[in-house]
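Inspection log for the structure reproduced underneath, given as structure tokens.
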Amino acid sequence: MNLRTLKAALALVGVAVLTGCATPPPPYDYTAFRQAKPATILVMPPVNQSPDVKASNSVWAQTAIPLAESGYYVVPVTVVAETFRENGMVNPEEAAQASPEKLRSFFGADAALYLAVKQYGTSYKVIGSDSRVTVEGKLVDLRTGQQLWDGSATASTAEQQQSSGGGLVGLLVKALVTQILESSTNASHPMAALANQRLLAAGRHAGMLFGPRSPLYGKDFQQGQR
Amino acid sequence: MQIRALAPLALAAALVGCATPPQPLYQWGNFTGFTYDSLRGEGKSPAEQIDLMIAHSQKVTQAGQKVPPGFHAHLALLYLKVGRNEAAQAHFEAERREFPESAGYIDSLIKAATKPATKASS
Chain X
592 MNLRTLKAAL ALVGVAVLTG CATPPPPYDY TAFRQAKPAT ILVMPPVNQS PDVKASNSVW
652 AQTAIPLAES GYYVVPVTVV AETFRENGMV NPEEAAQASP EKLRSFFGAD AALYLAVKQY
712 GTSYKVIGSD SRVTVEGKLV DLRTGQQLWD GSATASTAEQ QQSSGGGLVG LLVKALVTQI
772 LESSTNASHP MAALANQRLL AAGRHAGMLF GPRSPLYGKD FQQGQR
Chain S
76 MQIRALAPLA LAAALVGCAT PPQPLYQWGN FTGFTYDSLR GEGKSPAEQI DLMIAHSQKV
136 TQAGQKVPPG FHAHLALLYL KVGRNEAAQA HFEAERREFP ESAGYIDSLI KAATKPATKA
196 SS
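Protein chains in written order, with this note's numbering: chain X, 592 to 817; chain S, 76 to 197.
Below you can see the structure in the form of structure tokens.
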């Protein structure tokens with residue numbers, strides 16, 4: 592590709608990105624994240640702040656897809672659970688007390704992702720029901736203890752009844768929601784997958800950056816970054 | 076003509092800008108479901124998971140694709156649970172080979188797996 596073509600391509604890319612995402616929200620500061628360049632992520636057992644006891648495992652089990660597909664090595668979740676258990680840390684609150692140094696010596700990870708499940712469950716209303724999951728996340732560098740990123744995301748079955756207006760992505764999300772709803776008995780479980788996707792998949796506004804195993808690593812050009 | 080060549084690029088950019096890359100890096104199979112089953116101690120047993128995961132792994136390897144991070148490590152954990160420590164070690168090694176950045180943790184797991192009498196400590 593020659594220089595002129597490349598320039599034209601970049602302009603097109605800009606247009607595509609802008610039209611794809613509507614109004615640009617304020618930028619997110621990625622300075623620390625970019626400097627830290629984490630490659631391996633330890634997902635800590637999510638702290639459950641909802642009334643449903645299934646919430647923590649449901650969210651935890653579904654974190655690997657968005658993170659690994661974004662280019663990170665995700666420290667194997669079930670093996671991590673085993674290690675915490677063997678070392679007497681049987682619940683998420685206890686695990687969260689471990690220092691960054693200790694976590695790094697146990698798991699060898701560059702960064703830890705701390706998660707809190709703020710909402711998980713179904714509320715029944717006059718017109719239908721709403722299964723809603725909200726997850727908050729914080730990425731901390733285990734070498735320095737410094738926070739690299741934080742975010743929050745919600746997914747809800749009620750989205751289906753509303754016109755999403757999100758263009759192509761909106762349609763895809765809608766199709767995904769319908770599909771997973773049909774194959775699940777716990778409607779909140781697929782909503783946790785969707786909330787995780789929104790929170791942890793790189794390339795979203797104010798979202799995670801791509802990791803070293805992604806072909807898009809270091810080429811993040813989503814709006815709102817600096 | 077140039078516009079034509081650029082159309083897929085623009086589409087890719089639009090997708091990347093708002094969602095995930097269109098091509099998955101890994102073939103997940105039902106790994107997420109097995110992870111959930113193991114965490115909550117319900118659903119598919121370790122023996123059932125082993126059979127299904129081995130079948131998936133063979134299919135993926137034959138297609139020249141990759142299983143995700145943690146896949147072999149989870150298999151290793153399942154093998155430990157059914158008392159097959161050598162198979163467990165082989166899959167821990169597969170995890171380390173596929174993802175060398177896992178070496179620190181995986182090495183400590185191999186050490187623990189090859190000394191089943193002593194409890195893991197660090």
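All C-beta atoms, glycine included, are put in the ideal place defined by N, C-alpha and C.
Query: I'd like to know whether the C-beta of E176 (chain S) is nearer than 9 Å to at least one C-beta of chain X.; Result: yes
Query: Step through the CB atoms of chain X and report whether any lies within less than 9 Å of the CB of G145 (chain S).; Result: yes
Query: Under 9 Å, Cβ to Cβ, is there at least one residue of chain X near S120 (chain S)?; Result: no
Query: Quick check: the Cα distance between T776 (chain X) and G108 (chain S), rounded to an integer number of angstroms?; Result: 13 Å
Query: Given that a residue counts as buried once 16 or more other Cβ atoms are within 10 Å of its Cβ, and exposed if not, what is E685 (chain X)?; Result: exposed
Query: I'd like to check one pair, F174 (chain S) with Y664 (chain X): are the Cβ atoms closer than 9 Å?; Result: yes
Query: List, in chain order, every chain S residue whose beta-carbon is nearer than 9 Å to that of N639 (chain X).; Result: The contacting residues do not exist; N639 (chain X) stays about 13 Å from chain S at best.
Query: Across the stretch 647–666 of chain X and the stretch 163–170 of chain S, are there enough close Cβ pairs to call them in contact, namely three or more that are closer than 8 Å?; Result: no
Query: Can you confirm whether G179 (chain S), when its beta carbon is compared against all beta carbons of chain X, has any partner nearer than 9 Å?; Result: yes
Query: Return the residues of the stretch 109–140 of chain S that lie within a Cβ-Cβ distance of less than 9 Å from chain X, sorted by chain order.; Result: F109, T110, Y111, D112, S113, L114, R115
Query: Have a look at A122 (chain S) and L153 (chain S) and give me their C-alpha separation to the nearest angstrom.; Result: 7 Å
Query: May I ask you to verify whether the stretch 730–742 of chain X touches the stretch 669–682 of chain X, counting CB pairs closer than 8 Å and requiring at least 3?; Result: no
Query: Starting from the Cα of I125 (chain S), find the closest Cα among S:K190, S:K156, S:R172 and give me that residue.; Result: S:K156
Query: Could you tell me the distance, in whole angstroms, from the CA atom of K709 (chain X) to the CA atom of A646 (chain X)?; Result: 9 Å
Query: Can you give the Cα-Cα distance for L127 (chain S) and I656 (chain X), rounded to whole angstroms?; Result: 19 Å
Query: Give the interface partners of W651 (chain X) over in chain S, defined as CB-CB distance under 9 Å, in chain order.; Result: T110, Y111, L114
Query: Report the three-state DSSP secondary structure of L791 (chain X) (helix, strand or coil).; Result: helix
Query: Using three-state DSSP, classify Q818 (chain X) as helix, strand or coil.; Result: Missing from the structure shown is residue 818 (chain X); chain X here goes from 592 to 817 and no further.
Query: I believe V644 (chain X) touches L706 (chain X) by the beta-carbon criterion, under 8 Å. Please report the beta-carbon distance rounded to the nearest angstrom.; Result: About 16 Å; that fails the 8 Å criterion.
Query: Kindly list, in the order they appear in chain S, the residues whose Cβ is closer than 7 Å to that of V666 (chain X).; Result: Y180
Query: From E773 (chain X) to A797 (chain X), what distance separates their C-alpha atoms?; Result: Reliability of the predicted coordinates at E773 (chain X) is poor, the pLDDT of 43 falling under 50, and the value obtained from them is presented with this limitation in mind. Whole-angstrom Cα-Cα distance: 31 Å.
Query: Report the three-state DSSP secondary structure of E117 (chain S) (helix, strand or coil).; Result: coil
Query: Which ranges would you report for the alpha helix (DSSP H) in the stretch 125–170 of chain S if only whole runs of at least 4 residues count?; Result: 146–156
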